[in-house]
Amino acid sequence: MQRQVVLELAVALHLTEPDARRLIVTSEGLTGPFTATREALASGRVSYRHTEALVHRSHPLPREALARYEKTVLSWARKVTAQRLDTIARAAVEEVQPRTDTQRHTDAVTNRRLYLEPGSDGMAYLTLYTAAVEATAIHNRATDMATSAKHNGDPRTHTQLKVDVLTDLMLNENTHTPRVTPHIRARVNVTVPALTLLGRDHHGDLDADQTSGPATLEGYGPIDRHTALNITRQARSFTRVLTDPATGAVLSYGRQRYKPPADLDELIRLTHTECTFPIPCKPSTTTDLDHTVAWGDGGTTSFDNLSPLCTSHHKVKHHTEWTIRQTPGPDGRPPTITWTSPAGYEYTIEPTPLAKRGLSRIGTVSRV
1 MQRQVVLELA VALHLTEPDA RRLIVTSEGL TGPFTATREA LASGRVSYRH
51 TEALVHRSHP LPREALARYE KTVLSWARKV TAQRLDTIAR AAVEEVQPRT
101 DTQRHTDAVT NRRLYLEPGS DGMAYLTLYT AAVEATAIHN RATDMATSAK
151 HNGDPRTHTQ LKVDVLTDLM LNENTHTPRV TPHIRARVNV TVPALTLLGR
201 DHHGDLDADQ TSGPATLEGY GPIDRHTALN ITRQARSFTR VLTDPATGAV
251 LSYGRQRYKP PADLDELIRL THTECTFPIP CKPSTTTDLD HTVAWGDGGT
301 TSFDNLSPLC TSHHKVKHHT EWTIRQTPGP DGRPPTITWT SPAGYEYTIE
351 PTPLAKRGLS RIGTVSRV
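Per UniProt numbering, the very first residue in the sequence shown carries number 1; after that it's consecutive.
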């Protein structure tokens, strides 16, 4: 019956079946439990895309958890883009789930699959649905190999190279793609609540503390604690990162030289996990760090004068009338970044919250 309604709507509105189903789910949510979200949409305080993300991500939650979930996510809806709100909503779902994240991940991983969808012009889509850690590691390895080839002069685009090196790896034992630096391995970055690492099960092994907040997989979002603990067991090194007790964002420390050292570089990319231009963009791990006040103009290589910018928005900063400034946060908190458009509108980019309030986190780096 439900599919009949979906198909009826899809045909009438010239939508795809998934889009029609999403419209129905969003409408049911707005006319049902999410009254505050509906009122915010009606008054223009949030966009439809924000409400769609909020409702869509609530699907796994029982009804009794929806009020707490809505209060958390709606408070962010006026501050961030719809894409970033989607990430926040996924994290909020993890916080209010009655079942543990490990139980849910164990069930979900049984549905892993690989499927082929024909395209046009002799092309096709090959989709791998698997655990987030493995998927992220595969993507990161392809990205690193493509970057090495690009730096060595390969004329293909970065996107083309990622596809080509991954295809080469799947069809051959080792990559034969020219200009790729050899021996690049897969990598993942996981941020884990410190309290999680202190937990022990009845065998004396590390066990996840379910009250300490979810672990975060860089480039993806929250993952179950059991998977995060397995990664930390194999990690070659740990980077301790203190977080602000009020905001959960990373605190700063200084350095004085043009090129930021590795620890400062990593700290900034953890504080801002995306390019800091005020539209959805690339993860900060794939961008360059830019001096907000140019080095030649007296700018320092410091936490409050560096931010990740992709190549495109680096050009926007230097070759258009857009301007950027950083404002130190109160009480030693990380600075906020404000962009001013040629028309005079200001857009503020807040640090990415990485931890539950009051917790320290330990960022771990593992090669899979």
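Even glycine gets a Cβ: it sits at the ideal position worked out from N, Cα and C.
The beta carbon of residue 311 lies closer than 6 Å to none in the same chain, with the five residues before and after it left out. Residue state for residue 76 is assigned as helix, using DSSP reduced to three classes. Ranked by how close their Cα comes to the Cα of residue 113, the residues 126, 119, 121 have 126 in first place. For residue 26, same chain residues with a beta-carbon under 6 Å away, outside a window of 5 residues either side, are 52, 55 in chain order. Bounds of any beta strand (DSSP E) do not take in residue 42; it lies within the alpha helix (DSSP H) bounded by 35-42.
Scanning 223, 266, 293 for the CA closest to the CA of residue 104 turns up 223.
In this structure, the alpha-carbon of residue 66 lies about 15 Å from that of residue 99.
Under the three-pair Cβ rule at 8 Å, the region 284-297 counts as touching the region 309-326. A distance of 9 Å or more separates the beta carbons of residue 277 and residue 318. Between the region 25-39 and the region 1-15, the count of C-beta pairs closer than 8 Å stays below three; the two stretches do not touch. Beta-bridge annotation (DSSP): residue 308 is paired with 289. Three or more pairs of CB atoms, one per stretch, sit closer than 8 Å, so the region 255-275 contacts the region 294-303. Residue pairing by DSSP places residue 68 opposite no residue, since no beta bridge is assigned to it. Here residue 112 carries a coil assignment [DSSP, helix/strand/coil]. About 11 Å separates the beta carbons of residue 30 and residue 23, which is beyond the 8 Å limit, so they are not a contact pair. DSSP places residue 326 inside the beta strand (DSSP E), whose first and last residues are 323-327. In the three-state reduction of the DSSP assignment, residue 337 falls in the strand class. Runs of alpha helix (DSSP H) with 4 or more residues, each lying fully within the region 86-110, are found at 101-109, listed in chain order. Assignment of residue 48 by DSSP, reduced to helix, strand and coil, places it in the helix class.
Residue 283 has 274 as its beta-bridge partners, per DSSP.
The alpha-carbon separation between residue 132 and residue 348 amounts to approximately 30 Å. A direct Cα-to-Cα measurement between residue 231 and residue 10 gives close to 43 Å. Assignment of alpha helix (DSSP H) within the region 128-161, counting only whole runs of 4 or more residues, yields 132-151 in chain order.
In this structure, residue 342 lies near residue 320, with their beta-carbon atoms less than 9 Å apart. For residue 17, the enclosing alpha helix (DSSP H) covers residues 17-31. Between residue 109 and residue 142, the gap from beta carbon to beta carbon reaches 9 Å or more. Boundaries of the beta strand (DSSP E) around residue 222: 221-223.
DSSP places residue 215 in the uninterrupted beta strand (DSSP E) bounded by 215-217. For the pair residue 80 and residue 279, the Cα-to-Cα distance works out to about 9 Å.
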